[in-house]
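> Structure incoming, see below.
2 protein chains.
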Amino acid sequence: MTLCILSITILSCRNRCCLCSAINEDNARFCLLAGLILLYLLCGAAVFSALERPSELRARLLWDQQLANFTLSHRVSLGALHALLRQYEEANGAGIRVDALRPRWDFSGAFYFVGTVVSTIGFGMNTPATIPGKIFLIFYGLIGCAATILFFNLFLERIITMLAYIMRWCHERRMRRSGLGAVSGAEEPRSEEDSLEGWKPSVYYVMLILGVASVLIACSASSLYCSMEDWSYMDSLYFCFVAFSTIGFGDLVSSQREHYEAQEAYRLGNCLFILMGVCCIYSLFNVISIIIKQTLNWILARLACPGRRCPCSCPKRGLLPTGRHRYTDASVETVCDSETDAGAGVDGVAGGRRLSGEMISVNDFTASNKVSLALLQKQLCETAQQGPRQSHVPRHNGFSGGVGAFAIMNNRLQETSVDR
Amino acid sequence: MTLCILSITILSCRNRCCLCSAINEDNARFCLLAGLILLYLLCGAAVFSALERPSELRARLLWDQQLANFTLSHRVSLGALHALLRQYEEANGAGIRVDALRPRWDFSGAFYFVGTVVSTIGFGMNTPATIPGKIFLIFYGLIGCAATILFFNLFLERIITMLAYIMRWCHERRMRRSGLGAVSGAEEPRSEEDSLEGWKPSVYYVMLILGVASVLIACSASSLYCSMEDWSYMDSLYFCFVAFSTIGFGDLVSSQREHYEAQEAYRLGNCLFILMGVCCIYSLFNVISIIIKQTLNWILARLACPGRRCPCSCPKRGLLPTGRHRYTDASVETVCDSETDAGAGVDGVAGGRRLSGEMISVNDFTASNKVSLALLQKQLCETAQQGPRQSHVPRHNGFSGGVGAFAIMNNRLQETSVDR
Chain B
1 MTLCILSITI LSCRNRCCLC SAINEDNARF CLLAGLILLY LLCGAAVFSA
51 LERPSELRAR LLWDQQLANF TLSHRVSLGA LHALLRQYEE ANGAGIRVDA
101 LRPRWDFSGA FYFVGTVVST IGFGMNTPAT IPGKIFLIFY GLIGCAATIL
151 FFNLFLERII TMLAYIMRWC HERRMRRSGL GAVSGAEEPR SEEDSLEGWK
201 PSVYYVMLIL GVASVLIACS ASSLYCSMED WSYMDSLYFC FVAFSTIGFG
251 DLVSSQREHY EAQEAYRLGN CLFILMGVCC IYSLFNVISI IIKQTLNWIL
301 ARLACPGRRC PCSCPKRGLL PTGRHRYTDA SVETVCDSET DAGAGVDGVA
351 GGRRLSGEMI SVNDFTASNK VSLALLQKQL CETAQQGPRQ SHVPRHNGFS
401 GGVGAFAIMN NRLQETSVDR
Chain X
1 MTLCILSITI LSCRNRCCLC SAINEDNARF CLLAGLILLY LLCGAAVFSA
51 LERPSELRAR LLWDQQLANF TLSHRVSLGA LHALLRQYEE ANGAGIRVDA
101 LRPRWDFSGA FYFVGTVVST IGFGMNTPAT IPGKIFLIFY GLIGCAATIL
151 FFNLFLERII TMLAYIMRWC HERRMRRSGL GAVSGAEEPR SEEDSLEGWK
201 PSVYYVMLIL GVASVLIACS ASSLYCSMED WSYMDSLYFC FVAFSTIGFG
251 DLVSSQREHY EAQEAYRLGN CLFILMGVCC IYSLFNVISI IIKQTLNWIL
301 ARLACPGRRC PCSCPKRGLL PTGRHRYTDA SVETVCDSET DAGAGVDGVA
351 GGRRLSGEMI SVNDFTASNK VSLALLQKQL CETAQQGPRQ SHVPRHNGFS
401 GGVGAFAIMN NRLQETSVDR
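Going line by line, the protein sequences match chains B and X. Residue numbering for the first sequence follows the numbering used here, starting at 1 and increasing by one per position. Residue numbering for the second sequence follows the numbering used here, starting at 1 and increasing by one per position.
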């Protein structure tokens with residue numbers, strides 16, 4: 001229903017298509033995503049309800065039967081037993097089980113606990129029971145979680161840089177091989193550099209690589225848990241996903257028994273696997289979310305201009321070749337990807353150039369205004385500052401908002417633009 | 001110890017301070033953060049261990065006593081009781097408690113469950129028990145968590161834009177009031193615009209506002225939980241933090257009883273509070289993480305060049321006024337904050353200008369190279385692309401890496417630069 005309302009809202013804006021700059025498409029995208037997530041939740045709830053409801057009913061029947069058997073065979077009143085079970089629930093909260101578990105709040109247990117706090121996994125195998133512990137947790141978690149978010153982001157940066165570097169190297173090698181019969185002498189490196197100028201790794205390849213890495217880590221970790229915890233391989237994989245994605249239900253928690261073979265090694269391995277897994281899955285989530293955003297852009301473009309071109313505000317879109325560009329309606333052609341393009345750009349061939357989330361068409365600007373170098377600099381700098389006020393260049397297509405946590409904040413806040 | 005090793009590594013690089021561009025300070029920052037987080041974890045583990053260990057021991061004693069009392073008074077063997085308690089633990093896993101709880105896997109229960117999955121809260125009050133449920137969870141969570149990360153990031157974007165807009169408006173009003181006796185006539189709006197040109201809200205103010213908003217939401221939600229769940233106010237606040245930060249231990253979970261007064265309204269209110277809280281705290285974490293990154297930069301700058309200036313690579317730093325700039329060593333002066341600065345910039349007064357994570361000094365570049373407009377464009381575009389290869393302008397100070405999930409990926413991957 002929400003989606004319907006959304007679609008209607010967006011479709012009602014269609015007639016104002018040529019007033020694209022007036023429609024705030026960032027808001028539309030946000031609402032569309034919210035609607036889609038709600039729909040996704042409803043579908044998920046239906047599926048899980050269908051899958052798990054019978055198992056819940058069976059478990060309840062079984063437990064009632066077990067309880068009845070016990071009261072009958074041991075002649076204990078149900079009331080007394082319930083009182084005991086309530087006490088046991090309370091003891092459970094303090095981390096006590098029938099079968100001896102590792103101590104919860106010795107140093108290594110507390111270390112495991114704080115690890116689950118700052119990573120926001122939160123298994124809940126131990127939780128602070130005292131008031132000072134709870135108060136401390138709030139302040140401790142506030143700094144810890146923020147620091148870990150930064151850590152994950154820096155990890156993401158490192159891994160993307162590394163992947164881009166490796167993939168570029170592979171691309172270069174492939175090109176060198178295929179270009180054996182190409183022009184020789186001084187010209188060759190120049191032309192190679194030109195064609196690599198605008199080269200960037202595909203987000204799909206990066207997703208694939210991160211996905212494969214995540215699966216490898218999860219499979220290796222599962223083998224370990226299989227042998228150490230006596231879980232089935234499926235349970236181990238499920239645990240890995242729940243832990244690595246920082247969901248952390250706590251129904252299965254690794255390294256909780258009192259004794260293991262090679263205990264210290266296992267604890268270390270457990271920590272390392274969880275660390276690697278969380279970093280990998282976090283990166284994977286972020287890459288997938290880019291693809292989701294592209295899909296949203298595509299949907300919005302379809303909803304806004306279905307089957308026709310927007311004549312006034314999107315003059316170049318219809319002229320783009322559709323081969324390389326997955327979503328022509330949403331594409332903004334870059335003009336400076338190679339030297340040839342840049343040269344053509346000066347001649348006034350239009351196109352939007354994205355500069356850190358804001359859109360600026362350098363060539364449009366220079367061609368139409370005959371600006372001085374100083375003015376151009378100013379224009380570029382202003383655009384890069386991403387202030388809340390509107391840029392002089394209108395936002396043509398609505399796909400110009402920055403994505404992501406820091407992209408948004410970078411250069412929008414005072415301190416971030418000066419010193420990041 | 002890790003920190004010591006880190007410090008030594010960084011200090012040993014000091015002698016190569018003038019080879020700043022050769023040192024990969026992005027890596028140094030990453031390692032420094034990892035070391036600091038490890039230290040933070042160790043300290044946290046020590047504190048929690050000290051706070052919670054006595055309570056755990058008391059709880060264990062109490063439970064042993066209760067169990068002994070029960071076996072004595074009801075003449076039940078300890079073995080039989082242990083078997084029952086194991087069965088109860090299993091039943092617990094399926095969401096069964098002594099006191100009736102809401103059904104776990106009816107539609108509303110399943111909806112609550114999927115909500116905790118995609119938000120990565122993962123209370124664990126219900127968890128899939130069947131193999132198909134577990135397999136479905138993995139694929140469902142993969143897309144769901146990615147979509148929610150995108151949602152949080154778009155929310156962050158909206159909230160930062162809104163805050164920046166409001167704060168700019170307030171700033172403008174304040175300036176207009178204080179400028180009552182200023183120049184009149186046609187000059188006034190011009191000079192006003194000039195001084196607002198480079199104005200951006202302070203990251204500290206934004207943090208303060210988000211912090212206050214989070215506290216307000218948490219306090220309102222706590223009042224609700226207090227009255228509905230019979231938790232103490234402190235417990236409610238603790239639950240709010242654990243839920244909003246997506247840690248989700250599951251020791252306290254709201255809306256789990258079978259019946260409440262005004263049940264539907266409470267369930268809706270619970271969902272809305274958790275949604276608002278998670279969005280707010282996520283934004284707050286991200287803003288705090290920027291401040292942590294600034295602190296890291298400051299530490300790195302101190303470690304790299306303690307008490308002295310780096311003569312060759314940082315020619316302007318010593319000349320900067322220290323008033324506005326918190327960390328002079330780490331500051332990169334912007335040249336285009338106001339028209340005056342931009343004008344001065346053309347005359348060749350140096351300074352680095354940050355463009356989406358990479359550093360480019362437009363004025364240095366033009367002054368020293370007498371470049372054509374086309375070349376300047378190309379240079380700017382290349383820098384904005386943030387490719388893995390080095391920019392022509394050397395990375396002076398190491399504070400030029402992009403921060404954050406998407407800042408990193410934007411323009412580094414093929415599809416993200418074309419269509420974000």
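Just so it is clear, CB atoms sit at the ideal spot from N, CA and C, and this is done for glycine as well.
Can you grab the Cα-Cα spacing for the pair X/S108 / X/R176, in whole Å?
Numbered from its first residue, the second sequence carries residue 108 of chain X at position 108. Numbered from its first residue, the second sequence carries residue 176 of chain X at position 176. C-alpha separation (whole angstroms): 53 Å.
> Given that X/D251 touches chain B, what residues does it touch there, using C-beta distances under 8 Å?
Taking the second sequence and counting its residues from 1, one reaches residue 251 of chain X at position 251. G93, G124 and T127, listed in chain order.
> Verify whether the separation of the beta carbon atoms of B/H82 and X/V98 is less than 8 Å.
Counting from 1 along the first sequence, the entry for residue 82 of chain B is found at position 82. Counting from 1 along the second sequence, the entry for residue 98 of chain X is found at position 98. In this structure, X/V98 lies closer than 8 Å to B/H82 by Cβ.
> Short check: CB of X/L51 to CB of B/P132, under 8 Å?
Residue mapping note: residue 51 of chain X aligns to position 51 of the second sequence, counting from 1. Residue mapping note: residue 132 of chain B aligns to position 132 of the first sequence, counting from 1. A contact, by the Cβ cut-off of 8 Å.
> Any beta-carbon of chain X closer than 8 Å to the one on B/Y238?
The count along the first sequence starts at 1 and reaches residue 238 of chain B at position 238. Judged by the 8 Å Cβ criterion, B/Y238 is in contact with chain X.
> Note down, in chain order, every chain B residue with its Cβ under 9 Å from the Cβ of X/F30.
If you number the second sequence from 1, residue 30 of chain X lands on position 30. Within chain B, the residues near X/F30 are F151, L154, F155, E157 and R158.
> Using a Cβ cut-off of 9 Å, which residues of the region 97 to 112 of chain X contact any Cβ in chain B, in chain order?
Those would be R97, V98, D99, P103, R104, W105, D106, F107, S108, G109, A110, F111 and Y112, in chain order.
> Taking the alpha helix (DSSP H) that X/S108 falls in, what are its first and last residues?
The residue given as residue 108 of chain X occupies position 108 in the second sequence. X/S108 -> alpha helix (DSSP H) spans F107 to V118.
> Can you give me the Cβ contacts of X/D235 inside the same chain, cut-off strictly under 7 Å, excluding the 5 residues immediately before and after it?
In the second sequence, the residue the question calls residue 235 of chain X occupies position 235. Counting only Cβ-Cβ distances below 7 Å, and skipping sequence neighbours, we find L252.
> Taking its Cβ as the centre, do 16 or more other Cβ atoms sit within 10 Å of X/W199, making it buried, or is it exposed?
Your numbering for residue 199 of chain X matches position 199 in the second sequence. Flag for X/W199 reads buried.
> Quick one: is X/Y233 near chain B, going by C-beta distance under 8 Å?
Against the second sequence, residue 233 of chain X aligns to sequence position 233. Answer no: the Cβ-Cβ gap between X/Y233 and chain B never drops below 8 Å.
> Would you mind giving the Cβ-Cβ distance between B/L224 and B/C280, rounded to the nearest angstrom? I have them listed as a contact below 8 Å.
The residue given as residue 224 of chain B occupies position 224 in the first sequence. The residue given as residue 280 of chain B occupies position 280 in the first sequence. Contact doesn't hold; Cβ gap of about 16 Å is too wide.
> With distance defined between alpha-carbon atoms, name the residue in B/I135, B/A68, B/S283 and B/L154 nearest to X/V47.
In the second sequence, counting from the first residue as 1, residue 47 of chain X sits at position 47. Of the candidates B/I135, B/A68, B/S283 and B/L154, the one whose C-alpha sits nearest the C-alpha of X/V47 is B/I135.
> Tell me the DSSP secondary structure of B/R257 in three-state form.
For the purposes of this step, residue 257 of chain B is taken as residue 257 along the first sequence, with counting starting at 1. Strand at B/R257.
> Return the Cβ separation of B/G93 and B/V117 in integer angstroms, given the expectation that the two are a contact with Cβ distance under 8 Å.
On the first sequence, residue 93 of chain B is found 93 positions in, with the first residue counted as 1. On the first sequence, residue 117 of chain B is found 117 positions in, with the first residue counted as 1. Wrong, their Cβ atoms sit about 17 Å apart, outside the cutoff.
> Which of the residues in the region 47 to 78 of chain X, read from start to end, lie with their CB under 7 Å from any CB of chain B?
The region 47 to 78 of chain X vs chain B, Cβ under 7 Å: V47, F48, S49, L51, E52, R53, S55, E56, A59, R60, W63, Q66, F70, H74 and V76.
> Terminal residues of the continuous alpha helix (DSSP H) containing B/R168?
Taking the first residue of the first sequence as position 1, residue 168 of chain B is located at position 168. That run of the alpha helix (DSSP H) goes I131 to S178.
> Going along chain B, which residues have a C-beta under 7 Å from X/S245?
As a first step, residue 245 of chain X is located in the second sequence; it is residue number 245 there, counting from the start. Going along chain B in sequence order, the residues near X/S245 (Cβ under 7 Å) are T120, G141 and C145.
> Going by Cα to Cα distance, which pick from B/G95, B/W231, B/V242 and B/G277 is closest to B/V212?
Along the first sequence, read from residue 1 onward, the residue named residue 212 of chain B stands at position 212. Comparing Cα positions, the closest option is B/G277.
> For B/G124, is the classification buried or exposed, using 16 other Cβ atoms within 10 angstroms of its Cβ as the cut-off for buried?
Within the first sequence, the letter at position 124 stands for residue 124 of chain B. It counts as buried.
> Return the Cβ separation of B/G250 and X/V242 in integer angstroms, given the expectation that the two are a contact with Cβ distance under 8 Å.
Taking the first residue of the first sequence as 1, we reach residue 250 of chain B at position 250. Taking the first residue of the second sequence as 1, we reach residue 242 of chain X at position 242. Rounded, the Cβ-Cβ distance is 12 Å, inconsistent with contact.
> Only counting the same chain, and skipping five residues up and downstream in sequence, which positions put a Cβ closer than 7 Å to that of X/H74?
As a position in the second sequence, residue 74 of chain X is number 74, starting the count at 1. Same-chain partners within the cutoff: there are none.
> How would you call B/M162, buried or exposed, if buried means at least 16 neighbouring beta carbons within 10 angstroms?
One-based indexing of the first sequence puts residue 162 of chain B at position 162. Its Cβ having fewer than 16 others within 10 Å, B/M162 is exposed.
> Near B/A218, what residues of its chain come up, given a Cβ to Cβ distance below 8 Å and the 5 sequence neighbours on each side ignored?
Mapped onto the first sequence, residue 218 of chain B falls at position 218. For B/A218, where only same-chain residues beyond five positions count, the Cβ hits under 8 Å are L237, C240, F241, F244 and G277.
> Tell me the DSSP secondary structure of B/L252 in three-state form.
Sequence index remark: in the first sequence, residue 252 of chain B carries index 252 (1-based). Coil at B/L252, not helix or strand.
> What residues from the region 265 to 298 of chain X come within 9 Å of chain B, judged by C-beta to C-beta, listed N to C?
Answer in chain order: I281, Y282, S283, L284, F285, N286, V287, I288, S289, I290, I291, I292, K293, Q294, L296, N297 and W298.
> Along the alpha helix (DSSP H) that carries X/T295, what are the first and last residues, could you check?
As a working note, residue 295 of chain X is residue 295 in the second sequence. Per DSSP, X/T295 belongs to the alpha helix (DSSP H) from Q263 to A304.
> Indicate the three-state DSSP secondary structure (helix, strand or coil) for B/G122 in the structure shown.
Along the first sequence, one-based indexing puts residue 122 of chain B at 122. Correct three-state label for B/G122: coil.
> Specify, as a first and last residue, the run of the alpha helix (DSSP H) that B/P54 falls within.
For the purposes of this step, residue 54 of chain B is identified with residue 54 of the first sequence, where counting begins at 1. It spans E25 to H74 - the alpha helix (DSSP H) in which B/P54 sits, taken as one unbroken run.
> Report, in whole angstroms, the separation of the C-beta atoms of X/L78 and X/Q256, which I expect to be a contact under 8 Å.
Position 78 of the second sequence, counted from the first residue, corresponds to residue 78 of chain X. Position 256 of the second sequence, counted from the first residue, corresponds to residue 256 of chain X. That pair is no contact at about 31 Å.
> Taking X/L32 as the reference, give the member of B/R173, B/V287 and B/F155 with the closest Cα.
In the second sequence, counting from the first residue as 1, residue 32 of chain X sits at position 32. Residue B/F155 is the option with its Cα nearest to X/L32.
> Applying the 10 Å Cβ sphere with the 16-neighbour rule, what's the burial state of B/L233?
Within the first sequence, residue 233 of chain B is the residue found at index 233, counting from 1. Sequence check: residue 233 of chain B is Tyr here, not Leu. The residue in question, B/Y233, is exposed, as its Cβ has fewer than 16 Cβ neighbours within 10 Å.
> Strictly by DSSP, which residues pair up with X/L101?
Here residue 101 of chain X is taken as the residue at index 101 of the second sequence, counted from 1. X/L101 pairs with X/R257.
> Please state whether DSSP places X/S245 in a helix, a strand or coil.
By one-based count along the second sequence, residue 245 of chain X stands at place 245. In the structure shown, X/S245 sits in coil (DSSP, three-state: anything other than H, G, I, E or B).
> Could you check whether B/T246 and X/T120 sit closer than 8 Å to each other, using their CB atoms as the reference points?
As a position in the second sequence, residue 120 of chain X is number 120, starting the count at 1. As a position in the first sequence, residue 246 of chain B is number 246, starting the count at 1. Yes, they are a contact pair.
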